[in-house]
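**Q**
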Amino acid sequence: MTTTADTAPLPPDLRSGAAPGPPASGAAADGPPPEGPARGRRGGGPGLPLGTRFLLLAAALIGVPMAAAIAVTAWRAQQVAGLAVADALEQAHSARTAFDRQRARQLRLIARLVAQDPAFVAYVAEGDPLSTADLLAERRRSLDCDFAIVLDPAGRVIARTDRPGRAGDDLSGDPLVAEALRAGEASGVWRDGGRLYAAVASPLLSGLRTPEGVLVAGFALDDAVALELKRVAGADVCFVAGDSAAARVTASTLGAGGDALAAALGDALPRVLAGERAVLPRVWLERRAWGARVEPLRDAAGGPVGAVVTLASLDAALAPYRRIEGALLAVGALAMLAAFAVSWAAARRLSGPLERLAAAAESAREGRLDAPLETGGGDEVGRLARAFHSLLAELREERETAAFLAARARALREAPAAPTRADGALAPGTVLGGRFEVLSTLGSGGMGVVYLARDREVQDLVALKTLHPARAGAGDLERLKTELRLARRITHPHVVRVHDFGQVDGVPFISMEYVEGVTLRALLRAGVPPLPVALRVARQVAAGLEAAHEFGVLHRDLKPENVVFEPAGRVKLMDFGIARAARHAPEEGAFAGTLGYAAPEVMEGREAGAPSDVFSFGVMLHELITGRRPWPGTDPRELMYRMLHEPPPPLDARGARVPASLAAIVRGCLARAPEARYADAHALRAALEEVRLA
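For what it's worth, full-length UniProt numbering labels the leading residue of the sequence shown as 1, then goes sequentially.
1) State the Cα-Cα distance for the pair G443 and R408, rounded to the nearest angstrom.
2) Quick check on W631: buried or exposed, where buried means 16 or more other Cβ atoms within 10 Å of its Cβ?
3) Can you list the beta strand (DSSP E) stretches of 3 or more residues lying completely in the segment 481-524, in chain order?
4) So, with DSSP's three-state summary, where would you put V216?
5) Helix, strand or coil, according to DSSP, for L227 in the structure here?
6) If you reduce the DSSP assignment to three classes, tell me which class Y678 lands in.
7) Along the chain, where does the beta strand (DSSP E) containing P203 start, and where does it finish?
8) Grouping DSSP H, G and I as helix and E and B as strand, with all else coil, what is S172?
9) For the candidate residues G173, A534, E374 and S343, whose alpha-carbon lies nearest to that of G354?
10) I want to know whether the segment 206-226 touches the segment 276-287 - three or more CB-CB distances under 8 Å.
11) Relative to the alpha-carbon of G326, which residue among A84, A69 and L688 has its alpha-carbon at the smallest distance?
12) Under 8 Å by Cβ, that's how I've got A453 and E437 pegged, so tell me the actual separation to the nearest angstrom.
13) I need the straight-line Cα distance from D635 to L392, nearest angstrom please.
14) Which residues in the same chain as R248 place their Cβ atom closer than 8 Å to its Cβ, once the five residues preceding and following it in sequence are excluded?
15) How is the beta strand (DSSP E) around L442 delimited, first residue to last?
16) Could you tell me which of A687, G668, H555 and A364 sits nearest to L486, measuring between CA atoms?
17) Between Y514, A333, P508 and R570, which lies nearest to A534 when the distance is taken from Cα to Cα?
18) Suppose contacts are defined by Cβ-Cβ distances below 8 Å. Is A264 in contact with V237 by that definition?
19) State the DSSP-derived secondary structure class of P270, mapped to helix, strand or coil.
20) Considering Cα atoms alone, identify which of A664, R657, H549 and R96 is closest to G609.
21) What did DSSP end up calling R282 once you bin it into helix, strand or coil?
22) For A98, count the other beta carbons within 10 Å of its own beta carbon; 16 or more makes it buried, fewer makes it exposed. Which is it?
23) I'd like to know whether the C-beta atoms of P560 and R536 end up nearer to each other than 8 Å.
24) Would you list the one or two residues that DSSP bridges to L151?
25) So, with DSSP's three-state summary, where would you put E601?
26) Does the distance from the CB of L357 to the CB of L384 come in under 8 Å?
27) Looking only at C-alpha atoms, which of S142, Q102, A133 and S390 sits nearest to E690?
28) What distance in whole Å lies between the Cβ atoms of A58 and A339, which are believed to be in contact at a cut-off of 8 Å?
29) Answer yes or no: do residue 727 and A664 have a C-beta to C-beta separation smaller than 8 Å?
30) Quick one: residues in its chain with C-beta nearer than 7 Å to the C-beta of L484, no 5 flanking neighbours on either side, listed in chain order?
31) Among Q91, G517, A122 and E400, which has the Cα closest to the Cα of P529?
32) Counting only the same chain and skipping the five closest in sequence on each side, list residues whose C-beta sits under 7 Å from that of A581.
33) Thinking just about the alpha-carbon of each residue, which of A178, T210 and E90 is nearest to the one in L311?
34) Rounded to the nearest angstrom, how far is the Cβ of A233 from that of A119, given a contact under 8 Å?
35) Return the CA-CA distance between D170 and W190, expressed in angstroms with no decimal places.
36) Taking only three categories from DSSP, how would you classify C238?
And the structure:
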């Protein structure tokens, strides 16, 4: 069995762009906090009491929006009601058009039934007016039409049911009759005196297809038809007969109100009777507002002979909104009265906690971050107190981290780690690809060498990682390319950024972000950090690992050597050199990672996953808290046996006093079965965010 750790032997504070040197923020941690601006003073005369201000605020917050709501409701109601009336008129128009088509089909069927009756056509051909009139009256009653007329081939009346005894009248000049004589069949509105009809004219043909005359049949456009249209279309209907010079209402669903319709329509009615169309958004009729659509009624030749007026009540459409406006007024008045009482009580209840929060904020501004706060309550003030308490805790952790880094920086300055030069490493001054000038060797590992270099194109320092010349085979080169494809996808404040890939003179390399800082391993050698510092480091490492897991990338070698502190104290996760996509399996007979941190399934040669990184995180978190790994040992076989068969010791057995929630997280990370651990770094980080230190 072989264990591999591709980046393992690098010096702990010189890995993947981590340079020796103290964090820049540490020096300021020992001195007093910087003096801030002078504490705010009360100025001016006495202001209004909080209760009075709440009363005025409540009046403004309720009264102004209520007035605006009523105004907007009224304005919007007009718009919505107008749209509703327009939709109602359009639907009524569609319904009336369908109704007209149905009546026209019915009339054509009636006309054809009569015109194609050989016996009836024979009577007409004989020219007997009395017999024809009797038979025509019988056919009209059986077919239920309002009138019927039989004309000879010249357009003169032979018989008609509505005006008996008018035989001989010449109707050849009527557009309906003229169109039927010319084209064979015609339909349109028939105006006879002051009445309107929907009529159809059809030729009467003998057996030899000889024209023997014309049959005209029709339905009256009367009040019954108007009521039927109102039932179907849901809008009031009026029929107007005449022309632009003189017109009168012949049928209506408005009753007596129809007489005033012509005056209410104004100049729109003459225009429609001249052949135009009109839509009127608002028409006042008997002190009521209506929306109107006025369309011409045309004869068979297309000339206007009257108009149909469709009316939808605007008042009816506005009625629900007016009830809402009244309700808003009533509710607003009651709300104002209630607000006056509640605001006074709320002012008394809120003023105490708010004053204590203000005092704590002023204390924090002066550097005292331990002001006591009441964090109970589920209202907004309680949430604010808890949020401010959490903020103070984070500030304390940040201050303790800065002090810890400053103390460790002094130790590092006293005993700095000297970088070593690996065999076969590039000499300082070497230029790769005409771009990267090697300045020094930062360290070497099982897979390659890390250099500090200057990027001449951007004039910035970078870290270069190359393969050892002796190991630069085709397989290693493909592995390096895979490393780049995976690592370049990760962009996060807590992950070292990878820039580019190149190959010069057979030497493949990766350029990456250069971090001038120290590794967590170097800091741990100087002592165990305080618990707030350990928790802060763990949260930042988990955040960086979460970013990798979101892209389906595993680190596979998570340990203190791969965690570096920036000069400002921020933690970065580095060296994804052995990281591979979760779908790639490790080589047979070896595992990728570092013994002591690798998960049991990795050591057993099984497929690694996000829980494998969680296990390595748990080992590192245990070491952060206690200063030692859960399973000590230097012999690889003994160490592997312990990690595979022995449970991790509890934190309190190592003398660590930690919250139960943090101890549970460590146990959850170090579970032997992958499915018993946190599923990924996202779940792990969420659990860490819930930990609160006393």
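C-beta: ideal position from N, C-alpha, C; glycine also.
None of the values given here were measured: they were computed from a predicted structure.
**A** With the structure as the only source:
1) Reading the sequence shown from its first residue, position 443 is the one you call residue 443. Reading the sequence shown from its first residue, position 408 is the one you call residue 408. If you take the alpha carbons of G443 and R408, they lie about 21 Å apart.
2) Position 631 of the sequence shown holds residue 631. With 16 or more other Cβ atoms within 10 Å, it is buried.
3) 498-504 and 507-513
4) Here residue 216 refers to the residue found at position 216 when the sequence shown is read from its first residue. Correct three-state label for V216: strand.
5) Within the sequence shown, numbered from 1, the residue matching residue 227 stands at position 227. Helix at L227.
6) As a first step, residue 678 is located in the sequence shown; it is residue number 678 there, counting from the start. Y678: coil per DSSP, three-state reduction.
7) Taking the first residue of the sequence shown as 1, we reach residue 203 at position 203. Per DSSP, P203 belongs to the beta strand (DSSP E) from R195 to L205.
8) The residue you call residue 172 lines up with position 172 of the sequence shown. Coil, per DSSP.
9) On the sequence shown, position 354 is the one that residue 354 refers to. The question names Gly, but residue 354 in the sequence shown is Leu. Of the candidates G173, A534, E374 and S343, the one whose C-alpha sits nearest the C-alpha of L354 is E374.
10) no
11) Within the sequence shown, numbered from 1, the residue matching residue 326 stands at position 326. Out of A84, A69 and L688, A69 has the C-alpha closest to the C-alpha of G326.
12) Within the sequence shown, numbered from 1, the residue matching residue 453 stands at position 453. Within the sequence shown, numbered from 1, the residue matching residue 437 stands at position 437. Contact holds; Cβ gap of about 6 Å.
13) Numbered from its first residue, the sequence shown carries residue 635 at position 635. Numbered from its first residue, the sequence shown carries residue 392 at position 392. For D635 and L392, the distance between alpha carbons rounds to 45 Å.
14) Looking up residue 248 in the sequence shown gives position 248. Within the same chain, R248 has close Cβ partners G194, V240, A241, G242 and A262.
15) Numbered from 1 along the sequence shown, position 442 holds the residue referred to as residue 442. Here the beta strand (DSSP E) through L442 covers F436 to S444.
16) Sequence index remark: in the sequence shown, residue 486 carries index 486 (1-based). Ranking the options by Cα distance to L486, first place goes to H555.
17) One-based indexing of the sequence shown puts residue 534 at position 534. A534 has its Cα closest to that of R570, out of Y514, A333, P508 and R570.
18) As a first step, residue 264 is located in the sequence shown; it is residue number 264 there, counting from the start. As a first step, residue 237 is located in the sequence shown; it is residue number 237 there, counting from the start. Their beta carbons are not under 8 Å apart, which means A264 does not touch V237 by this criterion.
19) Position 270 of the sequence shown, counted from the first residue, corresponds to residue 270. Three-state result, P270: helix.
20) In the sequence shown, the residue the question calls residue 609 occupies position 609. With distances taken between Cα atoms, G609 lies closest to H549.
21) What you label residue 282 is simply residue 282 of the sequence shown in a count that begins at 1. Three-state result, R282: strand.
22) Position 98 of the sequence shown, counted from the first residue, corresponds to residue 98. That one is exposed.
23) Within the sequence shown, the letter at position 560 stands for residue 560. Within the sequence shown, the letter at position 536 stands for residue 536. Cβ atoms of P560 and R536: not closer than 8 Å.
24) Along the sequence shown, read from residue 1 onward, the residue named residue 151 stands at position 151. According to DSSP, L151 bridges with V157 and V214.
25) Here residue 601 is taken as the residue at index 601 of the sequence shown, counted from 1. The answer is helix: DSSP assigns E601 an H, G or I state.
26) For this step, residue 357 is matched to residue 357 along the sequence shown. For this step, residue 384 is matched to residue 384 along the sequence shown. Yes.
27) The residue labelled residue 690 in the question sits at position 690 within the sequence shown. Out of S142, Q102, A133 and S390, S390 has the C-alpha closest to the C-alpha of E690.
28) Against the sequence shown, residue 339 aligns to sequence position 339. Against the sequence shown, residue 58 aligns to sequence position 58. Their Cβ separation, rounded to whole angstroms, is 4 Å, which keeps A339 and A58 in contact under 8 Å.
29) The structure shown does not extend to residue 727, since the chain spans only 1 to 694, so no value can be given for it.
30) Residue 484 sits at position 484 when you count from the first residue of the sequence shown. Result list for L484: V498, F501 and I510, in chain order.
31) Your numbering for residue 529 matches position 529 in the sequence shown. Ranking the options by Cα distance to P529, first place goes to E400.
32) Taking the sequence shown and counting its residues from 1, the one referred to as residue 581 is at position 581. With a pLDDT of 35 at A581, under the threshold of 50, the modelled position of this residue cannot be trusted; read the value that follows with caution. Here the set comprises L486, G552 and V553.
33) The residue labelled residue 311 in the question sits at position 311 within the sequence shown. Taking only the C-alpha atoms, the option nearest L311 is E90.
34) For the purposes of this step, residue 233 is taken as the residue at position 233 of the sequence shown. For the purposes of this step, residue 119 is taken as the residue at position 119 of the sequence shown. Going by Cβ atoms, the distance from A233 to A119 rounds to 40 Å, so no, they are not a contact pair.
35) Counting from 1 along the sequence shown, the entry for residue 170 is found at position 170. Counting from 1 along the sequence shown, the entry for residue 190 is found at position 190. Roughly 15 Å separates the two Cα atoms.
36) Position 238 of the sequence shown, counting from 1, holds the residue named residue 238. Strand.
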